[in-house]
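Novice: One structure coming up, written as structure tokens, with questions to follow.
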Amino acid sequence: MKKVSILLSALTIGFVSFAAPKNVAVSPKSSIVWLAKKVTGEHTGTVAISKASLAVDGNKLVGGNFTIDLKKIVCLDITDAEYNKKFIGHISTGDFFEVEKFPTASFVITKVAGNQISGNLTVKGITKAISFPANITVAGGKVSAKANITIDRTDFGIQYGSKKFFASIGDKAIMDEFNLNVTLISE
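Taking mature numbering (1 follows the signal peptide of the UniProt record, and there is no 0), I'd label the letters of the sequence shown as residues -19 to -1, 1 to 168.
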């Protein structure tokens, strides 16, 4: 009877170890492209991912997270170097991301249901639950997840140029929603 108990304990430990999700590192090929609009135009650029991992169980994405390095925001459409520097300087202030106080933003997956990802996004120390569809591929131990995420900046205390807070701002208004086109690829 003792041998049977030992054997069952060993099988149980082996099964639990086998069933645990596996974390995979995310490749430097991963990227975030942002798009922000205003009444009179738009700006686009990139922002660096400082760290990320994805959790897979068999052929399913089950979790993960990524951290955005807000000190590495780049604007791609402003070609004048001086104006580009001024623009990045402004969105790095308290009017927008307050980068000196909050150098990173983060997203932690709380649930994956089919192609729908839910999780907690933290920007400027404020955490909000968000959900979005994603194209997810898991094959041969490799993971690829791509999503276009729409975020309302006012949910994170970023009110500058918002018609919600400055009704008479006219053509100087900046849209409340911006997009992050996120691509995470495992190594």
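From the three backbone atoms N, C-alpha and C, an ideal C-beta is built for every residue, glycine too.
Since the structure is predicted, the reported quantities are computational estimates derived from the model, not experimental observations.
Would you list the one or two residues that DSSP bridges to residue 12?
Specialist: DSSP output for residue 12 lists 164 as bridge partner(s).
Novice: Quick one: is residue 171 buried, meaning 16 or more other Cβ sit within 10 Å of its Cβ, or exposed?
Specialist: Residue 171 lies beyond the residue range present for the chain, which begins at -19 and ends at 168; the question has no answer from this structure.
Novice: Just to confirm my understanding: we take residue 156, look at its own chain, exclude 5 residues before and 5 after, and list those with CB closer than 6 angstroms. What are they?
Specialist: 18.
Novice: Do residue 33 and residue 7 count as a contact pair if the criterion is CB distance below 7 angstroms?
Specialist: For residue 7 and residue 33, yes; Cβs fall inside 7 angstroms.
Novice: Residue 86: buried (16+ other C-beta within 10 angstroms of its C-beta) or exposed?
Specialist: Flag for residue 86 reads buried.
Novice: Can you give me the Cβ contacts of residue 44 inside the same chain, cut-off strictly under 6 angstroms, excluding the 5 residues immediately before and after it?
Specialist: If we look at residue 44 and ignore the five residues flanking it on each side, its Cβ neighbours are 36, 90.
Novice: Measuring only the C-alpha atoms, how far is residue 57 from residue 168?
Specialist: Roughly 27 angstroms separates the two Cα atoms.
Novice: Would you mind listing the beta strand (DSSP E) stretches within the region 20 to 55 that are 3+ residues and don't spill past its ends, in chain order?
Specialist: For the region 20 to 55, whole beta strand (DSSP E) runs of length 3 or above, ordered along the chain, are 22 to 38.
Novice: At the level of alpha carbons, what is the spacing between residue 120 and residue 158?
Specialist: So the two alpha carbons sit approximately 34 angstroms from each other.
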